[in-house]
Each structure stands twice: as structure tokens, then as C-alpha cells.
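Visitor: All letters in the sequence shown, in the order written, are residues 20 to 219 by my numbering.
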Amino acid sequence: MSKLMQNPVFHELKKQASFFIKEKIKTARLAATDVTEEELLTEEVTGSTLSLIDARSMAVITKASFEVDQFQRIVKILRQRREWRGMYNTLTMLNHLLINGPLSVFKEFQYEKEMIEDVLTIEWINEKGFKCGLKVRNIAEDVLKLLEDETFFKDERERKRRDSSLMSEHQAFDDDRAVDDHPFVEKEHNSANLLLSSST
Numbered sequence: 020m021s022k023l024m025q026n027p028v029f030h031e032l033k034k035q036a037s038f039f040i041k042e043k044i045k046t047a048r049l050a051a052t053d054v055t056e057e058e059l060l061t062e063e064v065t066g067s068t069l070s071l072i073d074a075r076s077m078a079v080i081t082k083a084s085f086e087v088d089q090f091q092r093i094v095k096i097l098r099q100r101r102e103w104r105g106m107y108n109t110l111t112m113l114n115h116l117l118i119n120g121p122l123s124v125f126k127e128f129q130y131e132k133e134m135i136e137d138v139l140t141i142e143w144i145n146e147k148g149f150k151c152g153l154k155v156r157n158i159a160e161d162v163l164k165l166l167e168d169e170t171f172f173k174d175e176r177e178r179k180r181r182d183s184s185l186m187s188e189h190q191a192f193d194d195d196r197a198v199d200d201h202p203f204v205e206k207e208h209n210s211a212n213l214l215l216s217s218s219t
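#1: Using a 10 Å radius around the Cβ and a threshold of 16 neighbouring Cβ atoms, would you call R104 buried or exposed?
#2: Taking buried to mean at least 16 other C-beta atoms within 10 Å of its own C-beta, is A83 buried or exposed?
#3: Verify whether the separation of the beta carbon atoms of L122 and V162 is less than 8 angstroms.
#4: To which residues of the same chain is L165 closer than 8 angstroms at the C-beta, ignoring the five residues directly before and after it?
#5: Out of L97, F85, E102, state which residue places its alpha-carbon closest to the alpha-carbon of N145.
#6: How would you write the range of the alpha helix (DSSP H) that F90 sits in, first residue to last?
#7: Apart from the five residues just before and just after K150, which ones in its own chain have a Cβ nearer than 8 angstroms to its Cβ?
#8: Tell me which residue opens and which closes the alpha helix (DSSP H) that L122 is part of.
#9: Assign K147 to one of three DSSP states: helix, strand, or coil.
#10: If I93 sits next to I80, beta carbons under 8 angstroms apart, how far is it from one beta carbon to the other, in whole angstroms?
#11: Thinking just about the alpha-carbon of each residue, which of Q91, Q89, D168, M134 is nearest to the one in L110?
#12: For N108, count neighbouring Cβ atoms within 10 angstroms of its own Cβ and tell me buried if that reaches 16, exposed if not.
#13: What first and last residue would you give for the alpha helix (DSSP H) that runs through I158?
#14: What is the DSSP secondary structure of D73, reduced to helix, strand or coil?
#15: Quick one: give me the first and last residue of the alpha helix (DSSP H) that T61 is part of.
#16: Specify the secondary structure class of I141 as computed by DSSP and reduced to three states.
#17: Would you mind stating whether K132 and E86 have Cβ atoms separated by less than 8 angstroms?
#18: Which of the three DSSP states is assigned to S84 in this structure?
#19: When the Cα atoms are used, what is the spatial distance from P27 to R181?
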């Protein structure tokens with residue numbers, strides 16, 4: 020291997036060039052076809068190159084899934100067969116949509132249960148020869164639990180909403196307390212109390 024190939028700067032340039040080319044292809048697809056940004060994002064996050072899906076991408080895809088046209092595009096991508104990491108990411112995204120997305124995701128994927136059951140029996144091996152089946156099987160089992168038991172599915176959605184609501188309330192309380200604890204605010208409170216007491 021040449022010294023150039025071993026140089027970390029070369030690898031960084033190669034990575035940047037790859038990213039630049041992917042972005043140009045994405046821009047060209049958006050301009051030349053009827054593909055949407057959310058559709059491209061779904062392809063990207065369920066593809067085999069990402070090790071995990073970031074929360075922001077999941078939120079964008081989930082929000083888009085409430086629109087009928089976008090829903091059909093996202094579902095089509097989720098139904099594609101993939102190698103182990105792509106399957107893991109696809110099932111992770113499906114699990115997220117079942118709990119946070121439109122209720123129609125539950126009905127739409129009833130016919131995919133058999134395919135997801137097949138995922139449990141496949142021996143998943145990565146490009147280095149290591150077994151990755153446990154990760155894929157665990158998320159497949161989570162998805163199947165949601166798809167096979169409508170009561171459990173509804174309970175999980177409700178639990179998630181309650182947890183989100185509690186977190187929002189807690190965050191708001193922490194924000195209020197942080198403002199009240201600020202020295203400037205305390206000084207203003209004292210000044211206001213002094214003014215009120217002197218006016219009586």
C-alpha cells in the first residue's frame with residue numbers, strides 16, 4: 020500500500036469527496052424526479068451504511084408519514100429487502116413509526132409479519148464475518164410484538180405519549196426554576212416586593 024493511501028489526510032479528502040458526490044446526486048434526483056427530501060432521507064437512514072439512525076431524522080420521517088403521499092413513499096422504502104445493517108435500521112425506523120407515526124402503519128404492515136418472522140431465522144453476518152443476528156432479532160421481536168397484539172400496540176403508543184408529556188412538563192418546570200434561580204430575577208423579585216410593601 021502506498022504512503023498516500025495510508026495518509027489520514029487522503030482518507031479525509033476521500034470521505035469529503037464521497038459526501039460531496041452523494042449530495043450532488045441527491046440534489047439532481049430532487050430536481051429531475053418527483054422524489055421528496057423525506058423519501059431520500061428514508062433511503063439514507065435505512066441504507067446499509069449508517070450504524071444508527073439519529074433522532075432528528077426519525078422525527079422528520081415520522082412527521083412526513085402523516086401525509087398520505089409521503090406515507091406511501093416511506094412504506095415502499097421500508098418494504099425493500101436489505102443486508103443485516105439495512106434490515107436493522109429499517110426495523111428500527113418501523114418500530115419508531117409504529118409507536119410515534121400514524122395509526123395506519125399498524126394496518127399497512129400486517130402483511131409483512133411473515134417476512135419479519137423470517138428475519139428471526141436468518142443468520143446475519145457482517146462484512147467482517149461477525150454474527151450480527153442478535154441485534155436484528157431483538158428489534159424484529161419488538162416490531163412483531165407491536166404488530167401481533169393491537170392492545171399492546173395501543174398501550175405502547177399511549178405510554179410513549181404519557182412519557183413525552185411528563186418529560187415536557189418536567190423540562191418546563193426545570194426551565195422556570197432555572198430562570199427563578201437566576202440572581203438577576205431574584206433581585207427583580209426583591210425590588211418588586213419592596214415596591215409593593217412601600218405602597219401599602
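The beta-carbon is built from N, C-alpha and C at its ideal position, and this holds for glycine as well.
Guide: Let me spell this out:
#1: buried
#2: buried
#3: no
#4: N114, L117, I118, F125, F171, F172, E175
#5: E102
#6: 87 to 97
#7: E142, W143, I144
#8: Looking at the DSSP string, L122 is not in any alpha helix (DSSP H), and its letter there is neither H nor E.
#9: coil
#10: 6 angstroms
#11: M134
#12: buried
#13: 152 to 167
#14: coil
#15: 56 to 65
#16: coil
#17: no
#18: coil
#19: 48 angstroms
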